[in-house]
Amino acid sequence: MDYLNKLQIATYVGVEDVADKFNFLITVLILLLCTTVVTVKQYMMKPISCYMATDLGGRNLLDYVENYCWVQGTVPISYNGRVPETDEGWKKLEEHKLCKFVFSECLH
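Residue numbers (my numbering): 2 to 109.
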């Protein structure tokens with residue numbers, strides 16, 4: 002805290018009590034830490050894992066599929082389930098995902 006006092010960050014006008022100081026100083030550090038962890042995981046370590054039923058040829062194709070999965074998200078299909086073949090089937094899966102998200106947010 003002595004270092005922060007030298008920079009006069011802790012005496013910022015908007016900082017009034019301990020809770021405000023914690024929010025003003027520590028929250029930014031926590032967000033930066035979380036961002037760093039996700040960035041390192043994605044770009045320096047193995048990115049999100051995607052299940053691919055067949056062998057893909059070539060390193061570039063594997064990278065493409067993993068990056069596509071990272072951007073598009075995952076699809077909850079059971080082991081015995083079938084991948085939707087129509088746009089309507091994919092739309093139904095997206096609606097199911099959205100409903101789960103909305104209901105989980107309502108519980109919080």
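Yeah, the Cβ is synthetic: ideal placement off N, Cα and C, and Gly gets one too.
8 Å Cβ shell around residue i - same chain, five flanking residues per side excluded
{"i": "residue 99", "result": "none"}
Rounded C-alpha distance that separates residue i from residue j
{"i": "residue 17", "j": "residue 26", "result": "12 Å"}
{"i": "residue 88", "j": "residue 97", "result": "14 Å"}
{"i": "residue 66", "j": "residue 31", "result": "31 Å"}
{"i": "residue 101", "j": "residue 39", "result": "24 Å"}
{"i": "residue 105", "j": "residue 93", "result": "18 Å"}
Closest by C-alpha distance to residue i, when choosing among the options
{"i": "residue 43", "options": "91, 68 and 97", "result": "68"}
Contacts around residue i, its chain only, beta-carbon distance under 7 Å, and the 5 residues preceding and following it disregarded
{"i": "residue 95", "result": "none"}
{"i": "residue 91", "result": "85"}
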